[in-house]
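Some notes on the structure that comes next.
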Amino acid sequence: MILGIGCDIVKVARIRTLLERGHWRSTYVAEKNRRTENTIRKIRKPDTIRFARFILSPTELEAFKLRFFSAQKDSLDSELPEKLALFLAGRWAAKEACYKAMSPHFKLHWSDVSILNVEGKPTIDLADHTLEKFGKLNSHVSISHDGGYAIAY
Numbered sequence: 194m195i196l197g198i199g200c201d202i203v204k205v206a207r208i209r210t211l212l213e214r215g216h217w218r219s220t221y222v223a224e225k226n227r228r229t230e231n232t233i234r235k236i237r238k239p240d241t242i243r244f245a246r247f248i249l250s251p252t253e254l255e256a257f258k259l260r261f262f263s264a265q266k267d268s269l270d271s272e273l274p275e276k277l278a279l280f281l282a283g284r285w286a287a288k289e290a291c292y293k294a295m296s297p298h299f300k301l302h303w304s305d306v307s308i309l310n311v312e313g314k315p316t317i318d319l320a321d322h323t324l325e326k327f328g329k330l331n332s333h334v335s336i337s338h339d340g341g342y343a344i345a346y
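Numbering of the sequence shown is given in the numbering used here, commencing with residue 194 and proceeding in unit increments.
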């Protein structure tokens, strides 16, 4: 039995804008790169983590911190803002698609759904209280990024 099918598309620039303003104002700061003398963009970790905490489950948040803010990462990665926006846009789209698939059977919250990377592909992990209501669910998710958009189905 198919409970539902969901699809969502997110403009990556929208997520980038959310990281740049509102509660996350001043997320980007200009910094000189001594090696090339070019100005690059650097994300301030606490502001970005605050935004990520809003949409990611605790399990996802830990994986996010390890992936983007571990001690081994180059803090002068000029592509970090775009990588963060792409990642968060994909997660946003996947969670919205999951919410649409579950509606109207169950109202989910951001932290009820975890999109995890298992063996190189995204998988959906639902919170225990959701599984108690429905029992074991088989779910599939696909996330794609192209042309400034992230889509999930």
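The beta carbon of each residue, even a glycine, is placed where N, CA and C say it ideally should be.
Open item on the list: Which of the three DSSP states is assigned to A345 in this structure?
Closed with: Taking the sequence shown and counting its residues from 1, one reaches residue 345 at position 152. Strand.
Task: Bridge-paired residues (DSSP) for K314 - done: By one-based count along the sequence shown, residue 314 stands at place 121. Per DSSP, V311.
- [ ] Could you give the DSSP three-state label for E224: helix, strand or coil?
- [x] Reading the sequence shown from its first residue, position 31 is the one you call residue 224. Unreliable placement is indicated for E224, whose pLDDT of 42 sits below 50; the coordinate value is still reported in the next sentence. The answer is strand: DSSP assigns E224 an E or B state.
TODO: Would you kindly work out how many angstroms separate the C-alpha atoms of F257 and K204, rounded to a whole number?
DONE: Locating residue 257 in the sequence shown gives position 64, where the first residue counts as 1. Locating residue 204 in the sequence shown gives position 11, where the first residue counts as 1. So the alpha carbons of these two residues sit roughly 20 Å apart.
- [ ] State yes or no: is the C-beta of F299 within less than 8 Å of the C-beta of T316?
- [x] Numbered from 1 along the sequence shown, position 106 holds the residue referred to as residue 299. Numbered from 1 along the sequence shown, position 123 holds the residue referred to as residue 316. In this structure, T316 does not lie closer than 8 Å to F299 by Cβ.
Task: Buried or exposed (CB count within 10 angstroms, at least 16 for buried), W285 - done: Taking the sequence shown and counting its residues from 1, one reaches residue 285 at position 92. By the neighbour-count rule (16 or more Cβ atoms within 10 Å), W285 is buried.
- [ ] Measure the alpha-carbon distance for G341 versus E213 and round it to whole angstroms.
- [x] In the sequence shown, the residue the question calls residue 341 occupies position 148. In the sequence shown, the residue the question calls residue 213 occupies position 20. Distance between the alpha carbons of G341 and E213: 17 Å.
- [ ] Reducing DSSP to helix, strand and coil, say where R218 ends up.
- [x] Numbered from its first residue, the sequence shown carries residue 218 at position 25. With a pLDDT of 40 at R218, under the threshold of 50, the predicted position of this residue should be treated as unreliable, though the coordinate-derived value follows. Here R218 sits in coil by DSSP.
Task: S304 (DSSP reduced to helix, strand or coil) - done: By one-based count along the sequence shown, residue 304 stands at place 111. Looking at S304 - three-state DSSP - the assignment turns out to be helix.
- [ ] Give the straight-line distance between the Cα atoms of A345 and E272, rounded to the nearest whole angstrom.
- [x] Taking the first residue of the sequence shown as 1, we reach residue 345 at position 152. Taking the first residue of the sequence shown as 1, we reach residue 272 at position 79. Rounded to whole angstroms, A345 to E272 spans 23 Å at the Cα level.
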